[in-house]
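Numbering (full-length UniProt numbering), first residue to last: 1 to 452. All C-beta atoms, glycine included, are put in the ideal place defined by N, C-alpha and C. This report concerns only the one structure given below.
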């Protein structure tokens with residue numbers, strides 16, 4: 001085979017027409033090659049070349065034909081096949097060059113064929129693929145949402161996963177889900193806990209959809225409920241606290257409609273205050289209510305609902321189980337000894353030093369900020385054991401001027417691997433593994449005091 005030159009031999013109009021009908025137009029590459037995205041760039045280029053039957057050019061599997069051929073009359077003529085090959089190869093070379101950023105383009109500026117350019121790029125940027133794979137996997141596993149939006153965070157995670165897939169090392173969906181859940185901020189703890197509590201994750205797109213829905217609720221909460229979180233007298237005000245032992249916490253504002261997991265109306269009993277010494281029991285059923293245990297009335301012992309028996313009960317097993325958990329609970333008026341779960345508190349807080357064990361002085365400069373802008377002094381830190389339970393509260397802040405005892409929902413769920421379910425009438429605190437009810441209580445005056 002004669003060596004080809006950089007000059008393209010002329011061809012007749014008939015061959016030009018044949019060329020234009022055979023070689024397709026190659027689309028633009030959206031992501032240009034840089035020093036750090038070779039795998040992603042290659043994942044775009046390979047399918048286009050393969051789909052158009054041109055991959056053999058860059059892989060040097062389709063060599064240039066001889067520049068001339070000898071006819072039957074013994075006369076040497078220009079080989080139209082060589083001209084066709086050169087035009088096609090130059091088209092590919094120009095297309096590859098157009099997909100490069102300045103740095104890589106400067107490396108292939110002297111390449112005369114598409115294979116030459118491809119070989120240079122593969123040598124310079126593909127030789128570090130193994131190290132880059134480890135780096136990308138590490139980036140994905142340590143990815144953190146921080147202050148970015150959920151969409152930006154998911155886009156970055158998907159880009160890394162796509163690069164791994166393009167390099168032939170795809171990450172399975174469950175591993176990818178674990179990575180994105182791990183990097184979400186503490187404000188996503190409720191939905192993360194709910195997903196982790198499942199034996200099997202939903203499909204990837206289902207998980208992403210749930211995260212997007214949860215972010216919408218968070219945004220709506222911030223807009224519609226600015227004055228929420230901590231208690232002062234009988235109102236709740238927004239609170240700011242920066243960590244303990246020198247650590248830095250987050251400023252969190254939540255309301256009771258954005259509690260751990262979800263609120264829902266179930267056919268379960270709630271109580272209203274009647275005459276002294278009496279309780280009136282009301283059953284909620286699809287928005288309506290009727291009084292039970294009335295004279296001559298029928299009450300279901302399975303779910304507590306009125307006007308039907310257990311054999312005709314339509315309550316789910318979950319509703320029936322929750323009724324049993326509440327059936328023997330006596331509603332008592334909150335006292336100064338009552339603890340209140342708070343989704344906006346990042347630490348447990350109390351003013352009562354008599355129940356705090358192992359108190360030592362708080363040496364930091366932090367304070368608890370309330371809605372009026374005042375900072376409440378922190379005098380100490382210790383542990384509290386909740387009466388009649390095996391629950392121990394760690395790192396409880398002693399705040400002399402706090403009006404109510406606040407139990408941090410986020411801190412408690414993390415330390416004990418448990419979760420809260422808040423209803424419009426009360427709450428349950430359950431063990432994540434055994435589903436055992438550890439704490440419970442009815443809503444009183446818009447708050448959720450713990451009934452111990």
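- Setting aside the 5 residues that flank it on each side, residue 71 is surrounded in the same chain by 77, each with a C-beta closer than 7 Å to its C-beta; the list follows chain order.
- When only Cα atoms are considered, residue 353 and residue 449 end up about 20 Å apart.
- Contact between the segment 103–120 and the segment 136–154 is absent: fewer than three C-beta pairs spanning the two stretches fall below 8 Å.
- In this chain, the alpha helix (DSSP H) harbouring residue 50 covers 38–51.
- Counting only runs of 3+ residues, the beta strand (DSSP E) found wholly inside the segment 415–440 occupies 418–422 and 426–431, in chain order.
- Taken in chain order, the complete alpha helix (DSSP H) segments of 4 residues or longer contained in the segment 85–116 are 102–107.
- Shortest Cα-Cα distance from residue 217 to any of 188, 404, 205 and 201 involves 188.
- The alpha-carbon of residue 219 is positioned some 12 Å away from that of residue 211.
- Per DSSP, the continuous alpha helix (DSSP H) segment holding residue 196 begins and ends at 189–196.
- For a cut-off of 8 Å, the C-beta gap from residue 194 to residue 180 is around 15 Å, too long to register as a contact.
- In this structure residue 360 is exposed. Its beta-carbon is surrounded by fewer than 16 other beta-carbon atoms within 10 angstroms.
- Cβ-Cβ distances below 6 Å link residue 34 to 101 in the same chain, with the five nearest sequence neighbours on each side left out; the list follows chain order.
- If you draw a straight line from the Cα of residue 84 to the Cα of residue 65, it is about 9 Å long.
- Segment contact: the segment 339–354 against the segment 399–409, three or more CB-CB distances shorter than 8 Å; contact assigned.
- Where residue 200 is concerned, there is no enclosing beta strand (DSSP E), because DSSP gives it neither an H nor an E.
- Secondary structure at residue 163: helix, using DSSP grouped into helix, strand and coil.
- Nearest C-alpha to residue 364 among 378, 439 and 374: 378.
- Per DSSP, reduced to three states, the secondary structure at residue 181 is helical.
- In the DSSP secondary-structure assignment, residue 367 is bridged to 377.
- When the Cα atoms are used, residue 50 and residue 163 turn out to be separated by approximately 19 Å.
- Between residue 397 and the set 366, 185 and 443, the nearest pair of CA atoms involves 366.
- Taking each of 347, 79 and 201 in turn and checking the Cα distance to residue 394, the smallest one comes out for 347.
- At least 8 Å separates the beta-carbon of residue 402 from that of residue 443.
- Counted as a single uninterrupted DSSP element, the beta strand (DSSP E) harbouring residue 396 occupies residues 392–398.
- For residue 136, the secondary structure class from DSSP, reduced to helix, strand or coil, is helix.
- In the three-state DSSP reduction, residue 57 falls in the helix class (H, G or I).
- Under DSSP, residue 405 forms a beta bridge with 339.
- Sequence-distant Cβ neighbours of residue 399 in its own chain, meaning closer than 8 Å and more than five residues away, are 349, 350, 351, 368, 376, 377, 378 and 379.
- The C-beta of residue 31 has fewer than 16 other C-beta atoms within 10 Å across all chains shown, which makes the residue exposed.
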